[in-house]
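>
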Amino acid sequence: MSLFAQSLSMAVVPQVGKPIRWGQITTGTSAILALALFLTIVGRSQSVQWSEIPRFMIDPMILSGVILTLQLTAGAMISGIAIGCIVAIMATSQNIILKAMAVGFVWWFRGVPLIVQIFFWFNIALFVPQIVVSTFTISVNDLVTPALAGLLALGLHEAANMSEIIRSGLTAVDRGQREAASSLGLRPLQTLRTVVLPQAVRLIVPPTGNQAIGMLKASAIVSVIGMQDLLTQAQAIYARNFLVIELLCVASLWYLAITTVASVGQHYLEKHLAPKGRSEEPQKQTRRRA
């Protein structure tokens, strides 16, 4: 019997000697019936052409939007982690000026709504029309394309969030670890690289994975400045054929597929980084008692 079947039997069939929990059975059955009713109503809808969804899943425009969404998410996360590390180190330093700059960075880029930041970078040419370097003049309007504006907004917004995650991970490491490293003659940067970061990374990885998944979904907001991401491509297609629900389902399925893959990768990464002794010690004690 599979694990799912065992769990289902334990949930439905009451164990011997235990009272029947009619409340749980009633609520569970009601939830299943409500879900079945909803799926039946949606499936029988005559206004939605469900057969069109598989065809548009591999449409070239949709696939190009998927690639751009992945590129934008990866670029925003890489830049966000890199800048976030610098800001987190500044926030945990003893230099008051660096700490104040880090606090101001987080306060601004985490506090201003993301859509406002996207519009700001997209219209930065209204504030700084040109950049003059020696004898060269660069038009900001040509330099800051919609792709760069979206990447700047998403990357800096993510950097503010990641700096707080990294800072909390660094401060969670016991101060005695730093003092012990200092007593061994390690410099502050050596202590950070060899002692603090290896321990803090176990605390940083789980929320970072959640941030990456959130960034994947937040990237859809760049459609307001005309970037050809997944949602924008779906909107462009249903503007021509009026298959609104079908194309939104296609976009949703792609987002769900990418999110599922990212979640599985995050799970195995966390499992790999978990301390081996904590998971093996209870098993050893159980074997000894047996």
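Add 821 to the 1-based position in the sequence shown for my numbering, that's all there is to it. The beta carbon of each residue, even a glycine, is placed where N, CA and C say it ideally should be.
1. How far does the alpha helix (DSSP H) with I904 in it extend, from its first residue to its last?
2. Around the Cβ of V1085, are there at least 16 other Cβ atoms within 10 angstroms (buried) or fewer (exposed)?
3. What first and last residue would you give for the alpha helix (DSSP H) that runs through S1084?
4. Count the CB pairs spanning the stretch 1069-1084 and the stretch 936-944 that are closer than 8 Å, and state whether there are at least three.
5. Would you mind giving the Cβ-Cβ distance between V1017 and Q998, rounded to the nearest angstrom? I have them listed as a contact below 8 Å.
6. Out of curiosity, what's the CA-to-CA distance linking D1050 and T894?
7. Identify every run of the beta strand (DSSP E) within the stretch 922-1000, keeping only runs that are complete inside it and at least 3 residues long; order them along the chain.
8. Where does R854 fall in DSSP's three states?
9. Excluding the 5 residues preceding and the 5 following F926 in the sequence, name in chain order all residues of the same chain whose CB lies nearer than 6 Å to its CB.
10. Consult DSSP for Q1104 and reduce its assignment to one of helix, strand or coil.
11. Out of L991, A970 and I904, state which residue places its alpha-carbon closest to the alpha-carbon of A981.
12. Quick one: measure Cβ to Cβ for V1026 and E1091, integer angstroms, because I've assumed they're closer than 8 Å.
13. Check whether the stretch 1044-1062 and the stretch 966-975 are in contact - that is, three or more C-beta pairs closer than 8 Å.
14. Just the C-alpha distance for A769 and S868, rounded to the nearest angstrom, thanks.
15. I'd like to know if the stretch 939-948 and the stretch 960-968 are in contact, where contact means that at least 3 CB-CB pairs between them fall below 8 Å.
16. Is it buried or exposed for V887, if we count other Cβ within 10 angstroms and need 16 for buried?
17. Should the stretch 867-883 be called in touch with the stretch 1058-1077, which here means at least 3 C-beta pairs below 8 Å?
18. Going by other Cβ atoms of all chains shown within 10 Å of its Cβ, with 16 needed for buried, is A1033 buried or exposed?
19. Within a Cβ cutoff of 7 Å, which residues of the same chain sit near T913, ignoring the five residues on either side of it in sequence?
20. Could you tell me the distance, in whole angstroms, from the CA atom of A1095 to the CA atom of L1007?
21. Within a Cβ cutoff of 8 Å, which residues of the same chain sit near L1074, ignoring the five residues on either side of it in sequence?
22. Tell me the DSSP secondary structure of S1004 in three-state form.
23. Rounded to whole angstroms, how far is the Cβ of M1036 from the Cβ of A897, which I believe are closer than 8 Å?
So, to answer that:
1. For the purposes of this step, residue 904 is taken as residue 83 along the sequence shown, with counting starting at 1. Per DSSP, the continuous alpha helix (DSSP H) segment holding I904 begins and ends at P881 to T913.
2. By 1-based counting over the sequence shown, the position of residue 1085 is 264. Classification of V1085: exposed, given that the 10 Å Cβ count is below 16.
3. Looking up residue 1084 in the sequence shown gives position 263. Residues V1065 to L1094.
4. no
5. Here residue 1017 is taken as the residue at index 196 of the sequence shown, counted from 1. Here residue 998 is taken as the residue at index 177 of the sequence shown, counted from 1. Right, the Cβ-Cβ distance comes to about 7 Å (below 8 Å), so this counts as a contact.
6. Stepping through the sequence shown from its first residue, residue 1050 is reached at position 229. Stepping through the sequence shown from its first residue, residue 894 is reached at position 73. Rounded to the nearest angstrom, the two C-alpha atoms are 11 Å apart.
7. 951-954 and 957-960
8. By one-based count along the sequence shown, residue 854 stands at place 33. The sequence shown places Leu at residue 854, rather than the Arg named in the question. In this structure, L854 counts as helix in the three-state DSSP scheme.
9. Counting from one through the sequence shown, the residue named residue 926 turns up at place 105. Excluding sequence neighbours, F926 sits near V908.
10. Stepping through the sequence shown from its first residue, residue 1104 is reached at position 283. Since pLDDT at Q1104 reaches only 48, below the 50 mark, its modelled position is unreliable, and no value is offered.
11. Residue numbering aside, residue 981 sits at position 160 when the sequence shown is read from its first letter. Comparing Cα positions, the closest option is I904.
12. Numbered from its first residue, the sequence shown carries residue 1026 at position 205. Numbered from its first residue, the sequence shown carries residue 1091 at position 270. Contact holds; Cβ gap of about 6 Å.
13. yes
14. With the chain covering only 822 through 1111, there is no way to say anything about residue 769.
15. Using a C-beta cut-off of 8 Å, the stretch 939-948 makes contact with the stretch 960-968, since at least three inter-stretch Cβ pairs fall below that distance.
16. For the purposes of this step, residue 887 is identified with residue 66 of the sequence shown, where counting begins at 1. With 16 or more other Cβ atoms within 10 Å, it is buried.
17. yes
18. One-based indexing of the sequence shown puts residue 1033 at position 212. Label assigned to A1033: buried.
19. Residue mapping note: residue 913 aligns to position 92 of the sequence shown, counting from 1. Taken in chain order, the residues that qualify are R988, L991 and T992.
20. As a working mapping, residue 1095 is identified with position 274 in the sequence shown. As a working mapping, residue 1007 is identified with position 186 in the sequence shown. Approximately 26 Å, taken between the alpha carbons.
21. Counting from one through the sequence shown, the residue named residue 1074 turns up at place 253. Around L1074: I874 and M878.
22. The residue labelled residue 1004 in the question sits at position 183 within the sequence shown. If DSSP states are grouped into helix, strand and coil, S1004 belongs with the helices.
23. Walking along the sequence shown from the start, residue 1036 turns up at place 215. Walking along the sequence shown from the start, residue 897 turns up at place 76. Confirmed, about 6 Å.
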